[in-house]
Each structure stands twice: as C-alpha cells, then as structure tokens.
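These notes are about the structure you will find just below.
Residue numbers (the working numbering): 23 to 209.
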C-alpha cells in the first residue's frame with residue numbers, strides 16, 4: 023500500500039484568517055493537492071489536530087480537506103484525517119497508526135511524508151527515532167520525503183529553529199517521546 027502523510031500547518035479558514043496567511047497556506051495546500059493527485063497513492067493522510075485556541079472545534083486536517091478535494095480531483099474516500107495530533111511527532115506517529123490493522127495482514131506501507139521545506143529534516147529525525155522505538159512503525163516499508171515551500175509569518179517557522187529542533191530529536195530521543203505524550207502544540 024502506498025500512503026502519503028501530509029503535514030497541515032494551522033486551521034485553514036478562507037474568511038477567518040488574515041488574507042496574507044490564508045493565501046500563503048492555500049498555495050502550499052494547492053501544491054500538495056496537485057502532487058497527491060499525480061502520485062498514485064492509495065490513501066492520503068491529512069495530519070493536524072485541534073491546535074488553534076480561537077477555533078477549538080476545528081481540526082487542521084478537516085479544514086484543509088475541502089481545498090485538497092477541490093484541487094486534487096480525488097474522491098473523499100481516499101483521504102484519512104488525523105484530528106487528534108498536536109505536533110509533527112504526533113502527526114507522523116498517529117498517521118501511521120491509522121493503518122495498524124494492515125500489520126495483521128502482513129502488509130507493509132510505503133510512505134511519503136509531505137511537509138514544508140523547513141520541516142523535512144525534522145521529519146527525517148522523527149522517522150529515524152520512531153522506526154527504532156515503536157512497534158506500530160515496524161510495518162512501514164520505504165519512507166520518502168517531499169517538500170514544498172510555504173511562506174508563513176509564524177515566528178518559529180524559520181531555518182534556525184527547525185534545524186535546532188531536528189538536531190534535538192537526533193541527540194535527545196526523549197524529546198520525541200515527550201512530544202508524543204504532549205497535550206499542547208509545540209511545533
């Protein structure tokens with residue numbers, strides 16, 4: 023089975039965010055939608071939970087779904103939502119857990135992780151750790167990475183911060199375990 027895990031970055035609301043934020047996020051989602059439409063994936067997992075305190079009832083993944091459906095032209099049954107994750111560690115881990123029933127069938131999952139280009143090194147660090155430490159991740163076969171540029175005004179979306187976090191994951195695996203158990207967003 024071929025699966026694409028898409029990292030969502032905030033609640034996508036056309037009318038409720040600043041125009042600049044919405045336009046930049048929409049461009050990222052459109053690029054991702056075009057990629058998944060051509061990628062031949064069996065399932066596309068949109069990862070992102072209830073992270074915005076202004077809209078606690080809305081999950082990042084659910085708000086991105088409509089635009090992804092429109093732009094990709096794919097059927098809704100190809101999409102899976104991870105709505106209970108709060109950070110990138112949980113996005114990847116819980117995204118993979120959605121397919122744990124395949125483990126019983128002895129089927130492996132080949133996965134492509136799609137993220138903002140500044141987050142790819144962090145994703146690689148997370149995958150390296152999860153594959154060693156978590157049983158649910160043993161069914162994962164090949165893992166690929168695809169990045170798309172996403173302009174953002176978020177203060178932590180910068181190379182130094184993301185690089186420091188990726189290195190932190192590599193040298194201190196407990197950092198990843200802490201993020202798996204976290205009840206608050208820390209990306």
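Beta carbons: idealized from backbone N, C-alpha and C, even for Gly. Fair warning: this is a prediction, and the values are worked out from it, not measured in the lab.
Who are the near neighbours of residue i in its chain, counting only those whose CB is closer than 6 Å to its CB and skipping five residues on each side?
i, result
"residue 121", "131"
"residue 58", "26, 66, 94"
"residue 171", "139"
"residue 182", "none"
"residue 190", "197"
"residue 165", "133, 149"
"residue 192", "147"
"residue 37", "For residue 37, the predicted model reports a pLDDT of 49, less than 50, meaning its position is unreliable; a value from the coordinates is still stated below. Closer than 6 Å at the Cβ level, and outside the excluded window around residue 37, lies no residue."
Residue i and residue j look like a contact to me (Cβ under 8 Å); what is the Cβ gap, rounded to whole Å?
i, j, result
"residue 19", "residue 102", "Within the shown structure, residues of the chain are numbered from 23 to 209, placing residue 19 beyond reach of any answer."
"residue 117", "residue 69", "5 Å"
"residue 198", "residue 111", "5 Å"
"residue 187", "residue 157", "Their Cβ separation, rounded to whole angstroms, is 25 Å, which puts residue 187 and residue 157 out of contact at 8 Å."
"residue 74", "residue 33", "4 Å"
"residue 107", "residue 142", "Their Cβ separation, rounded to whole angstroms, is 18 Å, which puts residue 107 and residue 142 out of contact at 8 Å."
In terms of alpha-carbon separation, which member of the options lies closest to residue i?
i, options, result
"residue 167", "61, 46, 33", "61"
"residue 184", "148, 94, 59, 89", "148"
"residue 48", "71, 73, 75, 85", "85"
"residue 56", "46, 186, 91", "91"
"residue 30", "81, 76, 75", "81"
"residue 119", "162, 194, 204, 180", "162"
Once the 5 residues before and after residue i are set aside, which same chain residues still bring their CB inside 7 Å of it?
i, result
"residue 100", "65, 66"
"residue 208", "Confidence is the limiting factor: at residue 208 the pLDDT is only 49, short of 50, which leaves the residue's position unreliable and the question unanswerable from this model."
"residue 78", "72"
"residue 83", "30, 68, 69, 70, 103, 104, 105"
"residue 154", "none"
Can you tell me which residues form a DSSP beta bridge with residue i?
i, result
"residue 66", "26, 101"
"residue 133", "25, 165"
"residue 138", "170"
If you drop the 5 nearest sequence neighbours on each side, which residues of the same chain put their C-beta closer than 8 Å to that of residue i?
i, result
"residue 3", "Beyond the ends of the chain as shown, which are 23 and 209, falls residue 3; an answer cannot be given."
"residue 23", "64, 65, 121, 124, 129, 130, 131, 132"
"residue 87", "68, 98, 101, 103"
"residue 35", "44, 77, 80, 85"
Original post:
Which full runs of the beta strand (DSSP E) of 3+ residues lie inside the stretch 83-131, going along the chain?
Top reply: Taking only runs of at least 3 residues, the beta strand (DSSP E) segments lying wholly in the stretch 83-131 are 101-104.
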